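Read the structure below first, then the notes.
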Amino acid sequence: QQPVQSPQAVILREGEDAVINCSSSKALYSVHWYRQKHGEAPVFLMILLKGGEQKGHEKISASFNEKKQQSSLYLTASQLSYSGTYFCGTDPLIQGAQKLVFGQGTRLTINP
Amino acid sequence: GAGVSQSPRYKVAKRGQDVALRCDPISGHVSLFWYQQALGQGPEFLTYFQNEAQLDKSGLPSDRFFAERPEGSVSTLKIQRTQQEDSAVYLCASSLMGRVVDEKLFFGSGTQLSVL
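Read top to bottom, the protein sequences are chains A and B. In terms of the numbering used here, the first sequence opens at residue 1 and continues consecutively. In terms of the numbering used here, the second sequence opens at residue 1 and continues consecutively.
The following block contains the structure:
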């Protein structure tokens, strides 16, 4: 049930682009993205709902393909502040269930 | 307060001791969640409250884990007879209404529990 993220880790130079993928074996209604810096709280980035919409947040955007049960997070012209671990969270599409199931994370390191 | 507050920030316990972890959610948030995060892993769901009602405790690993939110605000996660495998960061999150599908979670910084 846990979504699978890829890659597990990425190392970039400042200004480079990255794509983080999130894949589920279960049907999804929504995909959530969070970023967590070491020793800090996960911070919300965005939610994508069923419908294949793409959302943006500064230079960070994401897409959701519910047919493929996949979501991708796009980071363009990466900044040092983008470093951290990115988690996707999926809802289990079980009526009444109110919980997110998170992937194992993708660690992103941005070097100057 | 402005965000979700958790205390203590760090807790060291001897195996077999009981511990209590506190979460103070954002004022007015109806829903409260507890997650367990092992080193290098994503958060794993433990339990969920809507106001004072515990609606889902399917993620609690054993009957040694107990959570409460008696007045619908502050919550306490209690672990009895701690074991080494309980060592992890325990994250608390709150949301305004608890409609997980389209509502963001606000996380606290967590309590890092180390059981020796």
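C-beta atoms are modelled at their ideal positions from N, C-alpha and C, and glycine is treated no differently. This structure is a prediction, so every number in the text was calculated from the model and none was measured.
Could you compute how far the alpha carbon of residue i sits from the alpha carbon of residue j?
| i | j | result |
| --- | --- | --- |
| glutamate 71 (chain B) | serine 27 (chain B) | 12 Å |
| alanine 2 (chain B) | tyrosine 48 (chain B) | 21 Å |
| lysine 26 (chain A) | glycine 89 (chain A) | 13 Å |
| phenylalanine 87 (chain A) | glutamine 104 (chain A) | 7 Å |
| glutamine 79 (chain A) | aspartate 56 (chain B) | 39 Å |
| glutamine 54 (chain B) | arginine 22 (chain B) | 16 Å |
| tyrosine 74 (chain A) | isoleucine 60 (chain A) | 6 Å |
| serine 63 (chain A) | threonine 111 (chain B) | 33 Å |
| isoleucine 47 (chain A) | asparagine 65 (chain A) | 13 Å |
| phenylalanine 45 (chain B) | valine 4 (chain B) | 17 Å |
| asparagine 111 (chain A) | glycine 39 (chain A) | 19 Å |
| aspartate 102 (chain B) | tryptophan 33 (chain A) | 12 Å |
| leucine 96 (chain B) | aspartate 91 (chain A) | 17 Å |
| glycine 40 (chain B) | leucine 32 (chain B) | 24 Å |
| phenylalanine 66 (chain B) | serine 94 (chain B) | 18 Å |
| leucine 77 (chain B) | arginine 35 (chain A) | 24 Å |
| valine 30 (chain B) | serine 114 (chain B) | 30 Å |
| asparagine 51 (chain B) | serine 75 (chain B) | 10 Å |
Does residue i come out as helix, strand or coil in the three-state DSSP assignment?
| i | result |
| --- | --- |
| glutamate 103 (chain B) | coil |
| aspartate 17 (chain A) | coil |
| leucine 100 (chain A) | coil |
| aspartate 86 (chain B) | helix |
| serine 7 (chain B) | strand |
| serine 25 (chain A) | coil |
| arginine 114 (chain B) | Correcting the residue identity first, residue 114 (chain B) is serine in this sequence and not arginine. Strand, per DSSP. |
| serine 81 (chain A) | helix |
| serine 6 (chain A) | strand |
| glutamine 1 (chain A) | coil |
| threonine 106 (chain A) | strand |
| proline 75 (chain A) | The amino acid occupying residue 75 (chain A) in the given sequence is leucine; proline does not appear at that position. Leucine 75 (chain A): strand per DSSP, three-state reduction. |
Mark residue i as exposed unless 16 or more other C-beta atoms lie within 10 angstroms of its C-beta, in which case mark it buried.
| i | result |
| --- | --- |
| glutamine 5 (chain A) | buried |
| tyrosine 35 (chain B) | buried |
| proline 25 (chain B) | buried |
| isoleucine 11 (chain A) | exposed |
| valine 12 (chain B) | exposed |
| aspartate 86 (chain B) | buried |
| alanine 77 (chain A) | exposed |
| glycine 98 (chain B) | buried |
| lysine 99 (chain A) | buried |
| glutamine 8 (chain A) | exposed |
| leucine 116 (chain B) | exposed |
| alanine 38 (chain B) | exposed |
| glycine 15 (chain A) | exposed |
| proline 8 (chain B) | exposed |
| glutamine 1 (chain A) | exposed |
| glycine 51 (chain A) | exposed |
| tyrosine 10 (chain B) | exposed |
I'd like to confirm the pairing. Which residues does DSSP put opposite residue i in its beta bridges?
| i | result |
| --- | --- |
| asparagine 111 (chain A) | A:Arg13 |
| asparagine 65 (chain A) | A:Gln70 |
| histidine 32 (chain A) | A:Ile47 and A:Gly89 |
| glutamine 50 (chain B) | B:Ser31 and B:Ala53 |
| aspartate 141 (chain B) | There is simply no residue 141 (chain B) to check, as chain B begins at 1 and stops at 116 in what is shown. |
| lysine 14 (chain B) | Paired residues: none, contrary to the question. |
| glutamate 68 (chain B) | B:Thr76 |
| serine 94 (chain B) | B:Leu32 and B:Phe106 |
| glutamate 40 (chain A) | The partner list for glutamate 40 (chain A) (beta bridge, DSSP) is empty, contrary to what the question assumes. |
| glutamine 39 (chain B) | It is leucine, not glutamine, that sits at residue 39 (chain B) in the sequence shown. Paired residue(s): none; leucine 39 (chain B) is not in a bridge. |
Contact criterion: CB-CB distance below 8 Å. Does residue i meet it with respect to chain D?
| i | result |
| --- | --- |
| leucine 55 (chain B) | No chain D appears in this structure, whose protein chains are A and B. |
>> Taking contact to mean 3 or more Cβ pairs, one atom from each stretch, closer than 8 Å, check whether the region 74–90 of chain B and the region 3–16 of chain B are in contact.
In response: yes
>> Closer than 8 Å is the cut-off here; do at least three beta carbon pairs connect the region 6–22 of chain A with the region 46–63 of chain B?
In response: no
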